[in-house]
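Protein chains in written order, with the working numbering: chain Y, 318 to 535; chain F, 318 to 535.
Backbone N, C-alpha and C define an ideal beta-carbon position, used for all residues, glycine too.
Since we're looking at a predicted model, the values are computed, not measured.
This report refers to the structure that appears directly beneath it.
Following this line, the structure appears as structure tokens:
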């Protein structure tokens, strides 16, 4: 969809040999969704590919860091809501999903993505995009087999693949490995980016990441 | 120091009638210090003045929000340290104060600033800058009468003014009023900015604030 490397999601390096940008997101994070709409084009403009990684901020933020969910944090919750609205106005986005709706369980979608990245890597990214789109643009809770199968269909994948992922205990193991690896790398939020050993947290950091790649760091 | 309105700090509007930018910072926040070096020039470029407000993140972040200090938060602490170093490299800054040093008690400096803003408003900003500079560029703990008097001297204020502030119980009341007012406005971190009713948190938001003022919002 965006740029020459879109739809790969397999971590393969570009012809120039430049390492990919790693991009972590949680399906229930609006800022993660915002970043998902821009990261591939940004990467492509620097000849980089993107490796998408499912993350569970319920594990990183709540369990490992011992923090509350942002929207439930006094003062910061209201600020975050205003910031989401401001971002949407600026980027001509309308979220159909209310940001203060009870968060969906992101586990099934994240497990399916982790599974697809191993078993159908060429199709994983299209699935992730479809699930994010369904959730944020159509207010669909993509936390059940029917909704996830519809996402697969939308993305041009056999729905049977999603059913296979949901039925395979390996999906949970793969996702746990993803999240554990993220934590070991110091990744904690959504969106989070790493490239060439450098870490960037938040959709606000996309401009800085862009500058970083342009300059080759500083 | 920066721009035509520097040194006012009294919230007076510019000739054009544009409302000032309100800027909150904690003396112990490196990101607040970073913002203090840029906010006046940014404001001046839009014909705005800046009202500086002392904030205590020990009250907002720890007590009201129930969060840990960022540097003590797992994962985020290490990220913040790397981000501070990256910001310094980019902006040719060297912090003499180690970011992982035990934080100084910001209360005396914040009280003096709150007191000066009422009793010597033309000199308050110079004092704030001198205290920030002493702390971050000379690793001085500006938490005692001698150090604060030296800041006053550096800023061209009579040291006696600082002694008067430290001895006046009203200083604590003024600071408490500042912090309570900030919380009522939804201000929680350092740096924090408000202009024309819009809130911006973090030094990373200066570019967005700049765009906001240029466009007149969106």
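{"Check": "Which partner residues does residue 345 of chain F have in the DSSP bridge list?", "Outcome": "Residue 345 of chain F pairs with nothing; no bridge assigned."}
{"Check": "Using a cut-off of 7 Å between C-beta atoms, extract the partners of residue 513 of chain F located in chain Y.", "Outcome": "Chain Y residues near residue 513 of chain F: none, gap ~13 Å exceeds 7 Å."}
{"Check": "Name the one or two DSSP bridge partners that residue 338 of chain Y has.", "Outcome": "Y:367"}
{"Check": "Taking Cβ-Cβ distances shorter than 7 Å, what residues in chain Y pair up with residue 399 of chain F?", "Outcome": "516"}
{"Check": "Can you tell me whether residue 319 of chain Y is helix, strand or coil according to DSSP?", "Outcome": "At residue 319 of chain Y the pLDDT is 39, less than 50, meaning the model places this residue with poor confidence and gives no usable figure here."}
{"Check": "Rounded to whole angstroms, what's the CA-CA distance from residue 408 of chain Y to residue 382 of chain Y? Just pull it up for me.", "Outcome": "31 Å"}
{"Check": "Would you mind working out which of F:374, F:342, F:362, F:345 sits nearest residue 524 of chain F, comparing C-alpha positions?", "Outcome": "F:362"}
{"Check": "Are three or more beta carbon pairs between the segment 487-499 of chain Y and the segment 465-475 of chain Y nearer than 8 Å?", "Outcome": "no"}
{"Check": "Please check if any C-beta of chain Y sits within less than 9 Å of the C-beta of residue 382 of chain F.", "Outcome": "yes"}
{"Check": "Near residue 495 of chain Y, what residues of its chain come up, given a Cβ to Cβ distance below 7 Å and the 5 sequence neighbours on each side ignored?", "Outcome": "370, 371, 431"}
{"Check": "For residue 343 of chain Y, would you say it is in contact with chain F, using Cβ-to-Cβ distances shorter than 9 Å as the test?", "Outcome": "no"}
{"Check": "Mind listing the chain Y neighbours of residue 521 of chain F? Cutoff is C-beta to C-beta under 8 Å, in chain order.", "Outcome": "519, 521, 522, 525"}
{"Check": "At 8 Å on the CB atoms, spell out the chain F contacts of residue 457 of chain Y, in chain order.", "Outcome": "Ordered by position in chain F, no residue passes the 8 Å Cβ test against residue 457 of chain Y, which lies about 28 Å from the chain."}
{"Check": "For residue 393 of chain Y, is the classification buried or exposed, using 16 other Cβ atoms within 10 angstroms of its Cβ as the cut-off for buried?", "Outcome": "buried"}
{"Check": "Under three-state DSSP, which class holds residue 327 of chain F?", "Outcome": "Any reading at residue 327 of chain F needs caution, since the residue's pLDDT is 40, under 50, leaving its predicted position unreliable; the model's value is listed next. Note: residue 327 of chain F maps to coil in three-state DSSP."}
{"Check": "Does the count of Cβ pairs from the segment 446-453 of chain F and the segment 404-422 of chain F closer than 8 Å reach three?", "Outcome": "yes"}
{"Check": "Check each candidate in Y:532, Y:458, Y:443, Y:446 and name the one with the smallest Cα separation from residue 424 of chain Y.", "Outcome": "Y:458"}
{"Check": "In the DSSP output, which residue or residues are listed as bridge partners for residue 510 of chain Y?", "Outcome": "Y:340, Y:517"}
{"Check": "Got a sec: is the Cβ-Cβ distance from residue 388 of chain F to anything in chain Y below 9 Å?", "Outcome": "no"}
{"Check": "Compare the beta carbon distance of residue 396 of chain F and residue 443 of chain Y with 9 Å and say whether it is the shorter of the two.", "Outcome": "no"}
{"Check": "Does the beta-carbon distance from residue 428 of chain Y to residue 482 of chain Y come in below 9 Å?", "Outcome": "yes"}
{"Check": "Quick one, are the C-beta atoms of residue 426 of chain Y and residue 470 of chain Y less than 9 Å apart?", "Outcome": "no"}
{"Check": "Give the range of the alpha helix (DSSP H) segment to which residue 448 of chain F is assigned.", "Outcome": "438-455"}
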